[in-house]
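Take any residue in the sequence shown, note its place counting from 1, add 5, and you have its number in this note's numbering. Structure first, commentary second.
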Amino acid sequence: MKVLPFTLLIPDGKSMLSERVELPHFYQHMHHHNEYEITWVEQGEGTLLVGNNMHSFRSGDIFLIGANVPHVFKSNPEYFKMKDRLKIKACSLYFNLSGILSGLFQLPEMYVLRSFLNQNKQGFQIPGRYTVDIANLMLRLHNASGVDVLLQLLVLLNQLKEMSPHLLPLSNDVYSSDLNANEGVRFDAIINYIMQNFNSQITLEDVANEAHMTPQAFCRYFKKHTGNTFVTFLNEIRINDACKSLLTGKHKDRISGVAYQVGFNSLTNFNRAFKSVVGQSPKAYINAYHHVSKGSSLTTV
């Protein structure tokens with residue numbers, strides 16, 4: 006994708022930026038900035054592209070993204086259809102270790118936190134069992150003022166450090182982007198084409214033609230810049246969409262119906278891909294969801 010440099014405007018009298026937004030969809034261009042970013046997806050679903058990797062996201066997910074790591078929260082296609090009138094909501098915190106906060110993070114007492122952030126430059130996702138606690142800390146920081154803003158930042162970062170053995174890395178490799186502007190425009194078109202057509206019978210040849218490449222060249226190009234094969238990427242997009250439909254379907258044939266709805270040409274292929282991505286069969290996924298819904302009382306923010 007075209008990786009855009011992004012300059013964040015820190016308000017006067019502030020050392021960091023905390024914002025809550027409600028929009029039709031997330032900012033749709035891959036970008037990077039000097040600040041670390043922590044984003045809580047309060048509402049919305051789609052795909053997070055960060056560095057060379059792809060991750061599905063949904064309401065409640067929280068991610069930390071390192072400074073200058075290219076990323077984009079790509080909302081699902083339905084968020085761009087006016088008739089659906091869907092919206093995303095998010096709370097995001099941005100802070101720069103090399104900017105106005107550099108003096109704070111150079112203090113000897115900050116060594117452990119500074120090392121924790123440096124060791125997680127590629128970013129991570131907060132495991133689901135911790136998201137409510139972290140979301141509450143983000144809200145406290147967002148509503149804080151004066152010196153309490155810094156205190157709440159330290160509490161938040163220390164809490165993340167304490168759960169470091171359980172954090173889910175966004176990338177296992179050091180990211181190095183060699184996409185220039187022209188290549189970025191091409192890759193942006195590829196991703197948009199897949200996101201808009203994943204539920205139809207698109208093939209490798211279709212997407213390669215869209216990129217003006219041979220299938221073999223496209224496969225190398227796509228794997229290099231996403232860390233995934235085209236088929237893996239396509240299946241994960243389709244299965245992410247299928248998960249939503251499976252939990253709202255009311256008909257007995259909902260599994261087979263969803264399989265074809267999201268673009269699979271056979272139920273066998275769908276079941277195989279679903280288990281590969283989710284770790285269980287579609288039927289087990291539905292049963293597990295309803296069991297948790299009936300038997301659990303969740304604390305929400």
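Think of the CB as a built atom: it goes at the ideal place given N, C-alpha and C, for glycine as much as any other residue.
Problem set entry | Continuous alpha helix (DSSP H) assignments of at least 4 residues falling wholly in the region 103-142 | You should have 107-110 and 116-124.
Problem set entry | Touching by the beta-carbon criterion (3+ pairs, under 8 Å), the region 229-247 and the region 201-209 | Proximity of the region 229-247 to the region 201-209 meets the contact definition, three or more beta-carbon pairs being nearer than 8 Å.
For this session: Measure how close the beta-carbons of residue 92 and residue 28 come, nearest whole angstrom, since I'm counting them as under 8 Å.
Result: Between residue 92 and residue 28 the beta-carbon gap is near 7 Å, inside 8 Å, which marks them as a contact.
For this session: Reducing DSSP to helix, strand and coil, say where residue 32 ends up.
Result: Three-state result, residue 32: coil.
Exercise. With residue 100 and residue 31 assumed to form a contact (beta carbons below 8 Å), what rounded beta-carbon distance in angstroms separates them?
Worked result: Going by Cβ atoms, the distance from residue 100 to residue 31 rounds to 20 Å, so no, they are not a contact pair.
Problem set entry | Distance between beta carbons of residue 140 and residue 70, contact taken as under 8 Å | That belief does not hold up - the Cβ atoms of residue 70 and residue 140 are roughly 17 Å apart, past 8 Å.
For this session: Would you be able to state if there are at least three C-beta pairs under 8 Å between the region 265-273 and the region 218-235?
Result: With a cut-off of 8 Å, the region 265-273 and the region 218-235 do not count as touching, because too few Cβ pairs lie within range.
Problem set entry | Extent of the continuous beta strand (DSSP E) run through residue 284 | Judged by DSSP secondary structure, residue 284 falls outside any beta strand (DSSP E); it is assigned neither H nor E.
Exercise. CB residue 102 to CB residue 122, shorter than 8 Å?
Worked result: Contact flag set, yes.
Problem set entry | Limits of the alpha helix (DSSP H) - the one that residue 157 falls within | For residue 157, the enclosing alpha helix (DSSP H) stretches over residues 152-167.
Problem set entry | DSSP state of residue 59 mapped onto helix, strand, coil | Residue 59: strand per DSSP, three-state reduction.
For this session: In the DSSP assignment, find the unbroken alpha helix (DSSP H) run with residue 261 in it and report its ends.
Result: Its alpha helix (DSSP H) spans residues 259-266.
Problem set entry | Reference residue 151, options 160, 88, 11 and 19, closest by Cα | Residue nearest to residue 151 within the set 160, 88, 11 and 19 is 19 (criterion: CA-CA distance).
For this session: Could you check what DSSP says for residue 11 in three-state terms: helix, strand or coil?
Result: In the structure shown, residue 11 sits in coil (DSSP, three-state: anything other than H, G, I, E or B).
Exercise. Going by alpha carbons, who is nearest to residue 64 out of 240, 54, 16 and 81?
Worked result: Checked all of 240, 54, 16 and 81; the closest Cα to residue 64 is 81.
Exercise. For residue 61, which residues from the same chain have a beta carbon less than 7 Å from its beta carbon, with the 5 sequence-adjacent residues on both sides left out?
Worked result: Contacts found: 52, 241 and 245.
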